[in-house]
Amino acid sequence: MAKILIAYDTTEGQTRKIAQSVGDSVRRGGHDAQVVDIRRPPSGFALDAFDAIVVGASIHLGKHSRRLLKFVRRHQVRLKAVPSAFFSVSLSAAGSDKEKADAKRFVEEFVQQADWSPTVKATFAGGLRYREYGVLKRWMMKKIAKAGGKDTDASKNHEYTDWTAVEQFVRSFLAGLEPRQTEKGDSKL
Numbered sequence: 122m123a124k125i126l127i128a129y130d131t132t133e134g135q136t137r138k139i140a141q142s143v144g145d146s147v148r149r150g151g152h153d154a155q156v157v158d159i160r161r162p163p164s165g166f167a168l169d170a171f172d173a174i175v176v177g178a179s180i181h182l183g184k185h186s187r188r189l190l191k192f193v194r195r196h197q198v199r200l201k202a203v204p205s206a207f208f209s210v211s212l213s214a215a216g217s218d219k220e221k222a223d224a225k226r227f228v229e230e231f232v233q234q235a236d237w238s239p240t241v242k243a244t245f246a247g248g249l250r251y252r253e254y255g256v257l258k259r260w261m262m263k264k265i266a267k268a269g270g271k272d273t274d275a276s277k278n279h280e281y282t283d284w285t286a287v288e289q290f291v292r293s294f295l296a297g298l299e300p301r302q303t304e305k306g307d308s309k310l
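Mapping of the sequence shown onto the working numbering: position 5 corresponds to residue 126, and the numbering continues sequentially without gaps.
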């Protein structure tokens with residue numbers, strides 16, 4: 122059983138919801154999972170305690186947050202030492218083929234900028250979380266949603282996440298966690 126960290130950065134909360142689902146899937150896969158918001162890590166938090174790491178974050182205006190970039194750079198040695206995965210959440214991932222390609226490009230640009238090569242990467246559609254937006258952002262997102270043929274009813278949130286794709290991402294990552302032989306011959310992840 123591996124101890125797996127699911128670290129996430131979220132703005133309105135959809136990435137947190139996906140990270141929690143990833144944690145649940147990891148546990149169903151027979152592993153120990155800890156889900157941590159990188160903006161509010163528990164005291165004494167250290168990546169060294171984990172055998173594998175999954176990082177998730179949202180995209181806003183075509184970029185992941187600076188906080189996420191700092192987190193990945195600060196923990197780069199550990200992220201490169203253990204199996205790692207990255208998932209990105211955006212409304213673009215629910216859009217046209219061009220928008221989906223843009224979402225994937227944003228991921229590739231981020232991992233290149235962070236000098237990180239996660240073993241598994243994915244983009245997931247997020248949602249329109251109108252109830253969490255301020256007045257200006259709600260107005261802007263309604264305009265964007267209307268132009269993209271998405272939901273414009275701002276009285277409620279709209280979710281586009283493909284939960285089957287999230288489960289497949291976790292299965293793919295867990296399948297790559299093969300025990301490695303240590304010098305003493307005992308199996309260690």
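Cβ atoms here follow ideal geometry from the backbone N, Cα and C, with glycine treated the same way.
Rounded C-beta distance between residue i and residue j? I'm assuming under 8 Å.
i, j, result
"F290", "F192", "20 Å between Cβ atoms; not a contact."
"G150", "L295", "5 Å"
"A330", "L168", "The displayed coordinates of the chain run from 122 to 310. Any statement about residue 330 would go beyond what the structure contains."
"G183", "L212", "The Cβ separation is near 11 Å, so there is no contact."
"S205", "P162", "Contact flag wrong, Cβ pair sits at about 17 Å."
"K263", "A275", "6 Å"
"A154", "G165", "Rounded, the Cβ-Cβ distance is 18 Å, inconsistent with contact."
For residue i, I'd like the list of residues in its chain whose CB is within less than 7 Å of its CB, leaving aside the five on either flank, ordered along the chain.
i, result
"D172", "A123, K124, I125, V203, L310"
"K138", "none"
"E253", "E133, G134"
"N278", "G248, L249, R250, Y251, R252"
"S217", "none"
"G269", "G216"
"V198", "none"
"D272", "L249, A266, H279"
"L298", "A123, A173, P204, L310"
Give the range of the beta strand (DSSP E) segment to which residue i is assigned.
i, result
"V157", "153-158"
"K242", "241-246"
"S186", "Careful: S186 lies outside any beta strand (DSSP E) and carries neither H nor E."
"A235", "That residue, A235, is in no beta strand (DSSP E); its alpha helix (DSSP H) goes 218-235."
"A178", "173-179"
"A202", "It is not in any beta strand (DSSP E) - A202 instead sits in the alpha helix (DSSP H) that spans 197-202."
If I measure Cβ to Cβ from residue i and keep anything under 8 Å in the same chain, skipping five residues before and after, which residues do I get?
i, result
"R194", "A235, D236"
"H185", "D130, A178, S179, S209, F227, F231"
"K392", "Residue 392 is absent from the structure shown; the chain starts at 122 and stops at 310."
"T136", "Y129, D130, G177, A178, S179, V210, G247"
Hey, could you find the ends of the alpha helix (DSSP H) residue i is sitting in?
i, result
"I125", "It is not in any alpha helix (DSSP H) - I125 instead sits in the beta strand (DSSP E) that spans 124-130."
"G255", "Run containing G255: none; DSSP gives neither H nor E here."
"A296", "284-296"
"S142", "135-149"
Short of 6 Å in beta carbon distance, which residues of its chain neighbour residue i, apart from the five on each side in sequence? Order them along the chain.
i, result
"A128", "V157, I159, V176"
"Y281", "A215, A246, G248"
"Q141", "V156"
"K331", "No information on residue 331 is available, as it lies outside the stretch 122 to 310 that the chain covers here."
"H152", "M122, A123, I125"
"S146", "E288, V291"
"S293", "V241"
Item to check | Cβ contact check for the segment 218-233 and the segment 257-264: 3 or more pairs under 8 Å | outcome: Segments in contact, no.
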